[in-house]
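Using my numbering, you'd call the opening residue of the sequence shown number 6 and step up by one each time.
Backbone N, C-alpha and C define an ideal beta-carbon position, used for all residues, glycine too.
Keep in mind the model is a prediction, meaning the values are calculated, not measured.
Encoded as structure tokens, the structure appears first; notes follow it.
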Amino acid sequence: AMQADELKEALLEKDRAYLWHHITPHNDHPMIVASGEGSWITDMDGNRYLDGMSGLWCVNVGHGRKEIAEAAAVQMTTLAYSPLIQSHVPGIELAAKLNDWLEGEYRIFFSNSGSDANEVAFKIARQAFHQRGKATKHKFISRHRAYHGNSMGALGATGQAQRKLKYEPLGVGFSHVPPPYCYRCPFGQTSGACELQCAQAYEDAIIWEGSDSVAGIIVEPVITGGGMLVPPDSYLPKLREICDKHDVLLIVDEVICGFGRSGQKFGHHNFGVRPDIVTMAKGLTSAYSPLSATAVSAELYESFKESGPDSHFRHVNTFGGNPVSCAVALKNLEIIEREGLVERSALIGRRMRSRMKPLLRHPNVGEIRCFGSAIGIELVEDKETKHPASATLVAGIIADCKARGLLIGKNGDTVPGFMNILTLSPPLSSTDEDIAFIIDTLLAVFGAAGGTSEEGMQHEAASG
Ligand code: PMP
């Protein structure tokens, strides 16, 4: 045990000295994760945690899949690398497979990350309009609260102030409309009894920007990272109509919602729309290897070919679509199909949704929102005013879950004071016992949290 402690202390020292963590403040010391199996990860001290967010919404088939490791090893020793300037077998097979999954005809452009995939979408959309003699169409309209990536274009499309401040100016040509957020309707409407002003806002923005200047709109089927905002059923179909009317491309970001998370193969399948461009990453490989894809409708691709020999897409990405990542993705998709994990996602989502209902009796639980097996729990200080719960309360609940062996997430990050949505997105392969553990832990934490939350609020009131 002494040796293990010394080893850990030495690692922590190196961590503090050399490693720059993502997002985490400098003075925090995250745990060192050592291994993973199924829905569980183990830290260096041997503590086990249920990975309730599948890492960052991505390890959808669970940890420790040996057959994926084997597929990677076979591909590495057969052909570790060849750029997609040429072609290779796993790249071809994966592009064909994605067409099956998309249930439509698409051309697939591979990259490494969700951010990359969105940049490709923006560049292809702009070039497509150039080729059609409509070069003035270059703008993109996104939504407040949306997250579309960390690079200058994708961050431009992002609608979360806290992630953008200090890095501006970002890619130009991006503007934002209010999100479909029924719990706090930006238009003051009552859920279910409105005319979808949030969708109409998109058309208004296109008209005000000048439809001759707008190339596309980008949406996630459900805003995940910005607070799990599930739109009314007719929202996406209405956006599709608006896009058709104004010759604007509908880009759907499936980086989180894709590959079964939503309870269907892709999030947009829940709404019966056909996007012009679909971007995907995370669940494509269940994070076993970096890979992303931009699927472009066959019509859009044809419009490039018809524009002549000088009309190819001048975009290369060294690692994008490398054979190893493609082989990993193929094995990942094979597992999802063989184990019926799309259906499993819908089932575990329904189960969590129904067994979490008692949480709504808790004074700080304002609303629970679900999309397949992705869940958001909006915490408020007061159910009447809907004032967002304090950072102390949110952090306390997350810490309590962690102390009981459950890792959950939080988001909503857009303006200060609104980091008040707890998130859950467990591996789609979670066993019945795993799901029971998640629910029982949450019920216990919220059962115990009533007193804690009042203390936290009094403390806030006293200090404010
Ligand atoms: N789009 C969405 C909806 C995302 O959630 C993310 C990442 N959280 C991205 C794009 C960017 O993906 P990546 O981190 O792989 O660049």
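The C-alpha of Leu-234 lies about 42 Å from the C-alpha of Asp-315. For Arg-53, the enclosing beta strand (DSSP E) has its first and last residue at 53-56. Rounded to whole angstroms, the Cβ separation of Asn-416 and Ile-426 is 6 Å, and the two are in contact under 8 Å. Gly-164 sits away from His-143, with the two beta carbons spaced by 7 Å or more. Annotation for Met-285: the continuous beta strand (DSSP E) segment containing it runs 282-285.
Secondary structure at Ile-413: coil, using DSSP grouped into helix, strand and coil. Gly-41 sits in a strand when the DSSP states are folded into three classes. Taking 6 Å as the cut-off, one finds no heavy atom of ligand 1 near enough to the beta carbon of Gly-371. Bounds of any beta strand (DSSP E) do not take in Asp-217, whose DSSP letter is neither H nor E. Ala-39 and Thr-47 have their alpha carbons spaced roughly 6 Å apart. Under the three-state reduction of DSSP output, Thr-195 falls in the coil class, being neither helix nor strand. When the beta-carbon positions are compared, Val-64 and Ala-394 stay at least 7 Å from each other. Linking Leu-244 to Gly-414 through their CA atoms gives a straight-line distance of about 30 Å. Excluding the 5 residues flanking it on each side, Ser-430 has same chain C-beta neighbours closer than 6 Å at Met-58, Ser-59, Trp-62, Ala-379, in chain order. By the neighbour-count criterion, in which 16 or more other beta carbons inside 10 Å mark a residue as buried, Ala-204 falls on the buried side.
Membership of Val-257 in any alpha helix (DSSP H) is not indicated; the residue belongs instead to the beta strand (DSSP E) covering 254-258. Note that the C-beta distance between Phe-115 and Gly-325 is below 7 Å.
Ranked by how close their Cα comes to the Cα of Cys-406, the residues Glu-42, Leu-55, Met-49 have Leu-55 in first place. Here Leu-84 carries a coil assignment [DSSP, helix/strand/coil]. Exclusion of Ala-9 from the 6 Å shell around ligand 1 follows from its C-beta lying no nearer than that to any non-hydrogen atom of the ligand. When secondary structure is reduced to three states using DSSP, His-143 falls in the coil class, being assigned neither helix nor strand. Contact between Pro-432 and Gly-67 holds: their C-beta atoms lie close to 4 Å from each other, under 8 Å. Note that the C-beta distance between Ile-129 and Val-301 is below 7 Å. A direct Cα-to-Cα measurement between Phe-318 and Leu-338 gives close to 28 Å. Here the alpha carbons of Lys-71 and Glu-344 stand approximately 15 Å from one another. For Gly-371, no alpha helix (DSSP H) run applies; the uninterrupted beta strand (DSSP E) run containing it begins and ends at 370-376, by DSSP.
In this structure, DSSP gives Glu-14 a helical state, which the three-state scheme calls helix.
Leu-398 carries a helical assignment under DSSP once its states are collapsed to helix, strand and coil. Relative to ligand 1, Gly-232 has its C-beta separated by 6 Å or more from all heavy atoms.
Contact annotation: the segment 252-268 touches the segment 278-289, with at least three C-beta pairs closer than 8 Å. Pro-184 is the residue among Pro-184, Leu-175, Ser-350, Asp-238 whose C-alpha sits nearest the C-alpha of Ile-228. Taking the C-beta atoms as reference points, Gly-158 is found nearer than 7 Å to Gly-176. Beta-bridge partners of Gly-221 (DSSP): Phe-145, Leu-254.
Around Ser-216, the same chain offers His-251 as residues with beta carbons nearer than 6 Å, after the five sequence neighbours per side are excluded. Using a Cβ distance threshold of 7 Å, Gly-69 and Gly-41 count as a contacting pair.
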